[in-house]
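Protein chains in written order, with our numbering: chain A, 16 to 383; chain B, 280 to 639; chain C, 245 to 766; chain D, 142 to 480.
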Amino acid sequence: MAGNSRITSTRSVYARRIFMVHKVVAEQVAGGISTTAIRIRESGIERRARFRGLAEPLSLLVALAVLIGVFSLLNERFLTASNLQNVLTQSAIPLIVAVGATLVILLGSIDLSVEGVMGATGMTWILLSANSRGGADLGPWAWVIALGVALVIGVASGLIFTALKVPSFIVTLGMWYVGLGIATMLYGTDLLPRLEDEGLKGWTSRISFGLPNSFWVALLVIGLGIFVLRSTRIGRVTLAIGNSETIVRSAGLPAFRVKVAVFAIAALLSGLGGILATVQLDIGSPTVGSGVLFIVIPAVVIGGTHLGGGKGGILRTVLGVFLLTILNNGLILSGVESSYQSAVTGAILVAAIVFAAWSQRDRLQVAK
Amino acid sequence: GCTSTAGGTATGSSGPIAKEDLVLVASVINTTNPYFIANIEGAKALSKKLDIPLEIIDSQGSSQTEISKIQAILAQGKKVVMFVNTVASSDTPTIVDAVKRAGGYVSIWWNKPDNFEPWDAGDNFVAFQKHAGVDSGRCNAKAIGDALGGKGNVIMFPGVEDSTTSATRVAGFEAEMRENYPDIKILEKQASNWDPQLANQNSKDLIAKYGDQINGVWSADDGMQLGALQAFDDAGLLNSVKFASDGLYPDTVKLMKEGYGNNAIVGETFHRGYMASAIGLYTAYQAAIGEIVPSELPKDKRDSFFDIKCVTPETLGDYAKYDTDTAAADFVDNLVETGPWDTEPATLVGGGGPEVLPKS
Amino acid sequence: MVAARQIAGGKVNDVTTTPAVLRLDSVSKSFGSNRAVRKVSLNIQSGEVIGLIGENGAGKSTLLKMLSGNYRHDEGTIAVNGREVQFRGPADALRAGIGVVHQEQSLFTNLTIAENIEVNTPMGRGGVNRLGLYNWRRLYADAAQALDLIGSHLNPKTRVSDLSFVDRQMVEIARAIRVSAASHTTPLVILDEPTAILERTETAILEREISKLRDIGSVIFVSHRLDEVMRICDRVVVMRDGELIADRPVDDVTEEELFRLMVGRETHAAVRNRRSIEATSSPIISIHDLTRAGSYADVSIDAYPGRVLAILGTSGSGRESVVRAVFGAEGFDSGSVSIAGYSGHQLSIKRAVDLGVGYVPAERKTEGMVGEMPADQNITLTHPGSAAVGPFELPRRRLSLARMWFEKLDIRPREPLHMLQDFSGGNQQKVVLAKWLNSSNLKALVLDHPLRGLDPGAAETVNAQIRSVCDGGTAIILIPDTIDEALDIADDIVVMRDGRISGVFDLGHDNPATLDLLERML
Amino acid sequence: MSKIDNEATKIAVPVLIPARGKLPSVKRLGGWHAIGPIVIFLAILVVVAILTPAFIGGGGLAIIASSSAPILLLALGQAMVLNVGSIDLSNAAIGLLGAILLALTLGPVAGLSPLIVLLATTAFGAVNGLILAYAQVPSFALTLGTLGIFQAIALVASGRTTVYVSSNGESVRSLYESGIANVPMTFWMGVLLAVALWVLLRYTRIGRGMTAIGKNESAAIFSAVRTRSLKVLAFALSGFAAGLAGIAIIAQAGSASPTGLGSDLLLPAIAAALIGGTSISGGVVNPLTVIFGALTVALVPIATTAVGIDAQAQSLVYGAVIIAVVALTMSRNKSSIVK
Ligand SMILES: Nc1ncnc2c1ncn2[C@@H]1O[C@H](COP(=O)(O)OP(=O)(O)OP(=O)(O)O)[C@@H](O)[C@H]1O
Ligand SMILES: Nc1ncnc2c1ncn2[C@@H]1O[C@H](COP(=O)(O)OP(=O)(O)OP(=O)(O)O)[C@@H](O)[C@H]1O
Ligand SMILES: [Mg+2]
Ligand SMILES: [Mg+2]
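Written out as structure tokens, the structure is:
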């Protein structure tokens, strides 16, 4: 003890000195310096934030404009009203599904069950509506029950994912097969069910107020999606979970319920997409959703929503869907052979993400 | 040590098998396409007629699934009489090999490698059977060509690009147009992967591209045609465009009969899935019970083309009888009576060796 | 204000009449066989600021997590405002009026300040209605009010990712006191090492605000900086090995006493004999006119073998970026860094390490260690050659090597095969040091806040190790937590301000006063 | 260096860790996630054996093994990529492209052909890795894009048709036709690769670095691990494994086509890797248990057929079983948060 006394006294000298200094600093900081400094920094931050919020969608918009420009040079029919309406019709179903997919990806998860859910819902719906196989025509109840099937699949995915902690990749991959299986079993071995309701036939691509009906539906869904994401508890907690689920839990937020809800919403939207696809095709088919997943996921990614969750949004996804639909349509209109279409789309996807990431490259950055 | 592998020992058995020991097996590509569902129907009808149990294999569109499921059944030691609608041509050697090792008998439909012939593989590979694609394509081309009065523009929707079935139909269609309808122009081909949804989308894009220049639409199967019809209907163009395709699905029959879209559908080639499976299975069955000895058959009976019927709205009535509730059972009754190669409307019209594509 | 009390057999004899804001009675918590918190009893009155101190792993965070509803206690009772409570989750604790600033920052960086502050407000009471719909106007107003309460003028619409560390900490505190909205009671605010990641100058602001919190509610404040505890708190409680071993008003204790209570021994800190640069030695690291736009400019620093060079500066001074440039982790626009004679513009981490530089980053958990790998594998990660033949690793040699380092640096528990994340912060830091010391060719070691979050006892051992490395002829570049730390250990001090060097001192000749240094920092 | 060694040996003896109570035996075997895949596979197998004894007796095991071979090879490559925290959606397409190239070149260049194919597929994988590492883009999106490109190359290279091996196919064919214990060499090729990768991961500096990347990439960067090179290597290995899968496809079918055998192995292979205990978020992988993951994925559709489940219900059963199996075998010890 005695041997240390010199040391301890030096320590307390330091402590006292530091204490004094701190008083000085605290006073300095309290008066004068801080407020101006903070104000200057804040205005800088806001400007940066606003710019950053725009920068990415802006580059997407530029890319879209370039594509549209190139395609309209290659084929003058590209920019006609009828082709634009055609593009909007084609983008409607992917848009509806992509709103749900964006929410799921914002969670940091993924939903691969899209096509299965579309099949199961579409098949349930058409078999319960007026169709060429006869059977029950439940009218509006067909919608309720069909969307109920989607809801059940979505809730099941969500529950297995959250309660059993199975990665969403596998849960929804499994649910893809399950949905397809449900559709296949419902379909049975009978004739193709065709839609009998004349009012519904071709409804999706019919034009009202200048836009195709299905696109109006998509607009409604997008609007609702943006509202949910921006101004509801589910939406905000979704973003929070994407940022850090640990914090969500330690803050006592309802992570469990929100995750299940998001999977349910996504499945419902896939289901709605399935019904519209069935209406569009006029025929019930278990594979009515084929190919949708591989538009939707790249669209979300190209839109700039992070697969890790927490960053991104629905409007950017909308741009992503447009980019891919226009690309698809433009390639056909400019006469690119079907064999090369997947390569061109793939190359543009790669180019888009490399372009977007290039400026943010950093030796310490972690890209997964 | 190193041994020979892949499921049981190689027997390559010949000699008749007692009927009680047999199992019928029908392997289809999926269970959601009307054609494959009809395959199952035919197999069921034959199973009932012969009083032999039946197993169905759903390949789920995957060669690997197909092969391993077939092997799974073979491994149980059953003596199989098998009909396989192969997912890809390249699956055939593997399947034949497995069946041979298990001492079963198999008929393959639609797809096989050109150089892999039944007579080279032994008696267990009883036969390869198909409807000739070139003829089918020609039938459709004639229907459209005539309906358009030899003038106009046509778009085409092939199936999966590397499918022989689709490629032969495309070749036949193009050859017929080139040879006999020089004033008809093929505007564009968009492979639509046997997918109605994709054909629907591609139709929309091509409508946007060509508008009312399009006078005729050809699809490699009726599924895609249903998708295309809807797109043209939506665009309000149905009344002025003529359609032709392969398969004559019951849905198509109905549309043709109704005169849908100003008699939009002008030509179809006819075949029924139940006929294919029943013929395939029955051929293999005859070999299994020793009724026929494959190696003693002429080559054209082991690598066969069946009759292609070109159906037009006028002749449609003749085919109604093949879609009644008892049609499959009736066909099987006839089949057992007249044998695998001579049952109307699927009679053998020749063959032997790969289909010869018309020169372009 | 503070009632007199004494500790008798773990029981608190309380002689006040008003119910305590918080009352713990023999609270215990075990993780398996590890009894992290043992029979802790504690009373907190309204308006009291309690300092909670203890070694790393003493059980402080565990105790606090029981109060915040993150853990459930195994035994004992917890009473809030005189009512016994059983928290089933964080939401229950919030409802009872307990707000927490966790040891790890827990803000949603992708959301606005307002949302982070209001995140715990129950639906229907604040900016979120019963259906879960947001009223942004209300949300921003409420958040602004909460910020006002602690004297912060941050814009509630700003995204947290755009904030500095202090500002984030302010947001956390604002959030913690927002529990009053949830409970209608005066809040109990728990602050678990809120200052650990801050620069000293920044903590001044925070200290002022924490002191002010006593007007709003009660506070439990955890820190390893004893001087800070002494300044801020009314009362200090000390934990050791899960037990509460002392509970004193600040006026009755000295820092030395607290140190002894915490660690169970006297401080071993020894005064260092400073050496001057030997005429013959040449610098190992030589930074010349290093410039990076927007970060720092014209920085020239020489680091000599056997000497500790400390760089002082506030958080905007650019000192971190400079040392990261030395390690090749960040680029620079012009100037040069030469290491042991090698000089190149494009320096990569790999090249820096090959040249003999080591770097202990400030962000230990994310940059310094692979938490899910055993400690021994962490130690050989950078220089696998020490336990490998060609490409093949030798697990036995790796283990014995790790054991040697565990012994040398007194890393506890002595279990090199355990996952590194399961060690306490101080011991993790020692493993990170060992990772670099394990090199046969360590010429320079860059230490970025090496004592961050370490208890004073652990800090001493780590410091001792740094000294002995230095004595072995390695150049040390240190970014210390405090001026004190720099004066304690350094041979040279470089002060940076706004990206430029504002002062250079050779402690062999110079004897700068703390105020002197501080002046050059601000 | 030798000084350290001496000290180490001196100290090692007294500091021996006191046993922290007896570890349960499962844990000593490497925890549930190490033996789980084996147990689940055997459990399903037992159910099948009870329901259809003839299947197991008739060489069912050999069938499962042989049909799991391409899945296994792809799953191993995928597992290496997952281990560094990325995903490779293009590896099955690379494998199929490899098969097509092999079928095209076996005739002209004979024995050199497999080498060329492996070189090519490894290079394809490396290109993925290079773009990933240097442009720092997310692998999911990147490989989704390259997937489209490889598919198109396959389609064009094959001339949009099935490509048959014209000659010199015997040696490749023999990989499927001959084998050990009635199981074709293609499967043993997978086992061999698994063992090699296991050694790489467990006993080499390269493997340690890869695992460190998967567990904490930032820390790996700051520990001077060559993260870029190792990520490129992981993708190159995925390409190499895909090349082997291509060879296995040719060995089995003697031909290849863009939509034929092997065209639909992407998702089954990922499922196999995950069932085999690989963590989808990186840093946890055991190539040896991936073998059982692949066997399970191959077994499920075979089992549904063997047991006699209605053809139309099989896809439903398949989906449900995959979810259940992963739920049972997944390693949850990494973190409680699963994305
Ligand atoms: N999640 C956990 N699982 C198991 N044991 C734990 C866990 N958290 C804490 N412990 C145990 O509880 C003891 C106390 O840890 P705690 O985190 O409360 O220490 P602390 O006093 O906060 O340390 P520090 O000053 O470093 O923050 C530790 O020794 C540890 O063994
Ligand atoms: N998952 C766990 N399992 C077992 N012990 C754990 C676990 N997590 C933490 N611990 C124990 O908790 C104790 C303290 O952990 P904690 O995370 O609080 O570190 P710390 O010392 O507070 O670090 P720092 O000072 O850097 O904040 C350690 O002794 C460690 O052994
Ligand atoms: Mg703590
Ligand atoms: Mg701590």
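Ideal Cβ positions, reconstructed from N, Cα and C, are used throughout, including at glycine.
Just so you know, these numbers come straight off a predicted model, no measurement behind them.
Identified DSSP bridge partners for residue i
i: B:W388; result: B:N364 and B:Q408
i: C:H532; result: C:S580
i: B:K588; result: B:F549
i: A:L209; result: The identity of residue 209 of chain A in the sequence shown is Arg, whereas the question assumes Leu. DSSP output for A:R209 lists A:I298 as bridge partner(s).
i: C:R267; result: C:N287 and C:A323
i: D:T345; result: C:F636
i: C:L432; result: C:I342 and C:S462
i: B:S524; result: B:S498 and B:E547
i: C:I747; result: Here the sequence assigns Gly to residue 747 of chain C, which means Ile is not the residue at that position. Its beta-bridge partners are C:V739.
Own chain partners of residue i with C-beta closer than 6 Å, once the 5 adjacent residues on each side are dropped
i: C:G717; result: P549 and G550
i: C:K687; result: I528, A584 and G600
i: B:E320; result: Y553 and A607
i: D:F291; result: S231, A234, I235 and L238
Close beta carbons around residue i, own chain, < 8 Å, minus the five adjacent residues each side
i: A:V243; result: L118, I249, G250 and I280
i: A:K38; result: Confidence at A:K38 is low in this model, with a pLDDT of 42, below 50, so its placement is unreliable and the value that follows should be read with caution. Hits under 8 Å: none found.
i: C:T758; result: I727, D728 and L731
i: B:K468; result: I434, M435, F436, P437 and V449
i: C:I733; result: R516, V552, A554, N707, I710, R711, L722 and P724
i: B:D612; result: K328
Same chain, Cβ closer than 7 Å to residue i, five either side skipped, listed in chain order
i: D:L164; result: Summary for D:L164: the model assigns pLDDT 42, below 50, so the residue's position carries little reliability; its value from the coordinates is reported in the next sentence. There are no such residues.
i: C:K609; result: G615
i: B:S342; result: V366, A367 and D370
Whole-number beta carbon distance between residue j and residue i, since they are thought to touch under 8 Å
i: A:S9; j: A:F337; result: Chain A is shown only over 16 to 383; residue 9 of chain A falls outside these bounds and no answer can be derived.
i: D:A412; j: A:L188; result: 7 Å
i: A:G173; j: A:K326; result: Contact doesn't hold; Cβ gap of about 22 Å is too wide.
i: B:G412; j: B:G451; result: 6 Å
Cβ contact (3+ pairs, closer than 8 Å) linking the region 353-365 of chain D and the region 300-317 of chain B: no
With three or more beta-carbon pairs closer than 8 Å as the criterion, would you say the region 312-323 of chain C touches the region 462-477 of chain C? no
Output, in sequence order along the chain, the residues in the region 356-375 of chain D whose CB is closer than 8 Å to any CB in chain C. K356, N357, S359, A360, A361, I362, F363, S364, A365, V366 and R367
Contacting positions in the region 333-367 of chain C - beta carbon closer than 7 Å to chain A: G333, P334, A335, L338, H346, S350, F352, T353, N354, L355, E359, V363, N364 and M367
Contact between the region 121-131 of chain A and the region 299-318 of chain A is defined here as three or more beta-carbon pairs at a separation below 8 Å; is this criterion met? yes
Any residues in the region 474-490 of chain B with a beta carbon nearer than 9 Å to a beta carbon of chain A? Which ones, in chain order? D474, P475, Q476, L477, N479, Q480, N481, K483, D484, L485, I486, A487, K488, Y489 and G490
The region 294-310 of chain D / the region 179-191 of chain D touching (three or more Cβ pairs under 8 Å): no
If we count Cβ pairs, one from each stretch, closer than 8 Å, do we get three or more for the region 360-378 of chain C versus the region 400-419 of chain C? yes
Across the region 240-254 of chain D and the region 404-422 of chain D, are there enough close Cβ pairs to call them in contact, namely three or more that are closer than 8 Å? no
Anything in the region 345-357 of chain A with a Cβ closer than 7 Å to a Cβ of chain B? List those residues in chain order, please. I347, L348, S353 and S354
Does the structure place the region 513-529 of chain B close enough to the region 570-577 of chain B that three or more beta carbon pairs sit under 8 Å? no
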